[in-house]
Amino acid sequence: MCASGLEKSNEKVVNTKVLEKQLQKLLAGSSHLQVHAQASLKLLMRKKLRSKIGSRFEAKLDKFDGKLEEKLENKENELESKLDYEDELENKLDVKATPASQWMRQISAPAAVQQMQEVKEVQPEEERPVMRREAKSALLHHSSTCPGYGRPTPGFWPSFVVELFQNVRREKPVEAASESGFRLMCGSFQMPHPQKASTGGEDSLFVCPNGSAAGVADGVGEWQWRFGLDPRAFADELMFGVKTAGEHTRSQAGLLAEARARLMLSEGYQATSSFGSATALVAALDPNGEGKLGVANLGDSGLRVLRWSESFVETPNAVHIAFRTLEQQHAFNCPFQLARLPEPKDYEALREKGMASLVRAVERSGRTSQDLPSHADAYTFEVQEGDVVVLGTDGFFDNLHDSEVCQLAQVAMEATFRNKEKSAAAQIDPTRLAQAYAEAARVRSEDTAARTPFGDLARQAGLQHMGGKMDDISVVVAVVVK
24 MCASGLEKSN
34 EKVVNTKVLE
44 KQLQKLLAGS
54 SHLQVHAQAS
64 LKLLMRKKLR
74 SKIGSRFEAK
84 LDKFDGKLEE
94 KLENKENELE
104 SKLDYEDELE
114 NKLDVKATPA
124 SQWMRQISAP
134 AAVQQMQEVK
144 EVQPEEERPV
154 MRREAKSALL
164 HHSSTCPGYG
174 RPTPGFWPSF
184 VVELFQNVRR
194 EKPVEAASES
204 GFRLMCGSFQ
214 MPHPQKASTG
224 GEDSLFVCPN
234 GSAAGVADGV
244 GEWQWRFGLD
254 PRAFADELMF
264 GVKTAGEHTR
274 SQAGLLAEAR
284 ARLMLSEGYQ
294 ATSSFGSATA
304 LVAALDPNGE
314 GKLGVANLGD
324 SGLRVLRWSE
334 SFVETPNAVH
344 IAFRTLEQQH
354 AFNCPFQLAR
364 LPEPKDYEAL
374 REKGMASLVR
384 AVERSGRTSQ
394 DLPSHADAYT
404 FEVQEGDVVV
414 LGTDGFFDNL
424 HDSEVCQLAQ
434 VAMEATFRNK
444 EKSAAAQIDP
454 TRLAQAYAEA
464 ARVRSEDTAA
474 RTPFGDLARQ
484 AGLQHMGGKM
494 DDISVVVAVV
504 VK
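Take my numbering: the last position of the sequence shown gets the number 505, and nothing is skipped along the way.
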């Protein structure tokens, strides 16, 4: 410190001492300034104490900063070496990653299908993106990122979830079918949101007893908290109507699988009468006995066709996704949905029941943006004996990535299919497998640190969401048998 600086510092110390003595005199006297003197003296004492503490720890802080910088530098070098090793390992494996645009849910599924078609037309056969799966492991682990979203985050499933997938075999052999051709052995399981357990949730589903069709629907909860209506009523009516149409069309000659699924969805919608809205997905086998599965999907429910392949190039003796549907979204978390809205002839009766708010909402919204069964995406999938078809509402697919769906199915299907004929698929109990999948989705929905498909889509939309998404969970598992 220079001489002038030292002099100023000394003067400051002297002035502080003088001020302290003067304040003590005022405090000892009987002046009306005693209160002000007491407050000023306290402020001065605090200032002196802070000055002492600062000078005492300044040297220690400098030493600590130096050690911290050294540790951070060592950690950075260690991390760089790990990343270099992982990059080198990936280059050796030479795995082609699927672009994120091929996997993330789309704002509009028809646009996504068109985009995928353009990719097929532009790219040569050998350069087309291929599905990426996890290598087989003795331990059941999950990857908390979907292919195309970056490096996987390792983790482990609870033991009770693993046990559920290890015990999906039937206790009794299934009876042989009286009809020839393909059919679906179906089982289902529903798990409502904890806050909706008393009402059973807002999801609905159906399974045709003859094994020719199945479907799921997700009722919109806004009808309950905004208008006091049961949101599940419309979804139940929709699924009942679809099931009835499925039974009528199961032997209709000349009707293709895709057309049958569309027809079932349309007739199911026409059979509804309750006010409400819901997403819907319908899967129906070809009525002519061929191995074709028609699907009509409107909204953000999903379907995956899982296949065990002993000769698959990337991962032999493993489960992979042979086919899947795409979600339809107007915007993030705003899926396409069928709706039954009040007609003008219903307005007076609704007002008398105290539901004038519903009438006002319908009058303001109009009908220009209403989604219809004709807006559903339609698919035709070539299924094989032994395929496992998984249908689920958004509460299921928002919490489990496709890679996790495959890994969990691997445990259930490995003992069934290894070195056996495809007919061994009949040994799987689809209800048990549906329950196992529902439990896995529930576990993930309650994990506040997990990386989920819903969280990835939220970040793409500019929102912050970490962990699972609590929701109603409905799963239908259909095993393709012949």
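Every residue gets a Cβ at the ideal spot worked out from N, C-alpha and C, and that includes glycine. This one's a predicted model, so the numbers in the text were calculated from it and none came from an experiment.
Limits of the unbroken beta strand (DSSP E) element including residue i
{"i": "VAL502", "result": "496 to 504"}
{"i": "ALA284", "result": "First-last for ALA284: 280 to 293, but that is the alpha helix (DSSP H), not the beta strand (DSSP E)."}
{"i": "THR5", "result": "Since the first residue of the chain shown is 24 and the last is 505, residue 5 is not available in this structure."}
Three-state secondary structure assigned by DSSP to residue i
{"i": "PRO358", "result": "strand"}
{"i": "GLN218", "result": "helix"}
{"i": "ARG455", "result": "helix"}
{"i": "LEU395", "result": "coil"}
{"i": "LEU187", "result": "helix"}
{"i": "PHE205", "result": "coil"}
{"i": "MET68", "result": "helix"}
{"i": "GLU149", "result": "Per-residue confidence for GLU149 stands at a pLDDT of 39, beneath the threshold of 50, marking its modelled position as unreliable; the derived number appears in the next sentence. If DSSP states are grouped into helix, strand and coil, GLU149 belongs with the helices."}
{"i": "SER131", "result": "Interpretation of SER131 is limited by its pLDDT of 35, a score under 50 that renders its predicted location unreliable; the figure taken from the coordinates is listed afterwards. Here SER131 sits in coil by DSSP."}
{"i": "ALA158", "result": "In this prediction, ALA158 has a pLDDT of 32, which is less than 50 and means its spatial position is unreliable; what the coordinates show is noted afterwards. Three-state result, ALA158: coil."}
{"i": "LEU42", "result": "helix"}
{"i": "ASP421", "result": "coil"}
One or two residues paired with residue i in a DSSP bridge
{"i": "PHE229", "result": "GLY238"}
{"i": "TRP331", "result": "VAL342"}
{"i": "GLY325", "result": "GLY415"}
{"i": "GLN352", "result": "PRO358"}
{"i": "ARG192", "result": "ILE451"}
{"i": "SER211", "result": "VAL499"}
{"i": "LEU316", "result": "LEU308 and PHE404"}
{"i": "ARG387", "result": "Paired residue(s): none; ARG387 is not in a bridge."}
{"i": "ARG465", "result": "Looking at the DSSP assignment, ARG465 forms no beta bridge with any residue, so it has no partner."}
Where the alpha helix (DSSP H) containing residue i begins and where it ends
{"i": "ARG374", "result": "370 to 375"}
{"i": "ASP400", "result": "Premise fails: ASP400 lies in the beta strand (DSSP E), 400 to 405, not in any alpha helix (DSSP H)."}
{"i": "LEU364", "result": "Segment: none, LEU364 is in no alpha helix (DSSP H) and carries neither H nor E."}
{"i": "GLN247", "result": "245 to 250"}
{"i": "ASP259", "result": "254 to 272"}
Cutoff 7 Å: residue i Cβ touching any chain D Cβ
{"i": "PRO217", "result": "Absence of chain D from the displayed structure is noted, only one protein chain being present."}
Problem set entry | Touch test, the segment 406 to 418 against the segment 231 to 241, Cβ-Cβ under 8 Å, three pairs minimum | yes
Exercise. Given 8 Å as the limit, is there contact between the segment 360 to 372 and the segment 425 to 432, that is, 3 or more CB pairs closer than that?
Worked result: no
Problem set entry | Given 8 Å, three or more beta-carbon pairs between the segment 385 to 396 and the segment 259 to 277 | no
For this session: Indicate whether the contact test is met: 3 or more Cβ pairs, each with one atom in the segment 303 to 315 and one in the segment 221 to 238, closer than 8 Å.
Result: yes
Problem set entry | Unbroken stretches of the alpha helix (DSSP H), 4 residues or longer, contained in the segment 467 to 495 | 476 to 483
For this session: Specify whether the segment 252 to 264 and the segment 311 to 321 touch according to this definition: at least 3 beta carbon pairs, one from each stretch, less than 8 Å apart.
Result: no
Exercise. Is it a yes or a no for the segment 376 to 385 touching the segment 277 to 288, going by three-plus beta-carbon pairs under 8 Å?
Worked result: no
For this session: Take every Cβ of the segment 186 to 196, pair it with every Cβ of the segment 213 to 229, and state whether three or more of those distances are shorter than 8 Å.
Result: no
For this session: Could you tell me whether the segment 490 to 498 touches the segment 399 to 412, using the rule of 3 or more Cβ pairs below 8 Å?
Result: no
Problem set entry | Stretch-stretch touch, CB-based, cutoff 8 Å, three pairs: the segment 420 to 427 with the segment 472 to 484 | yes
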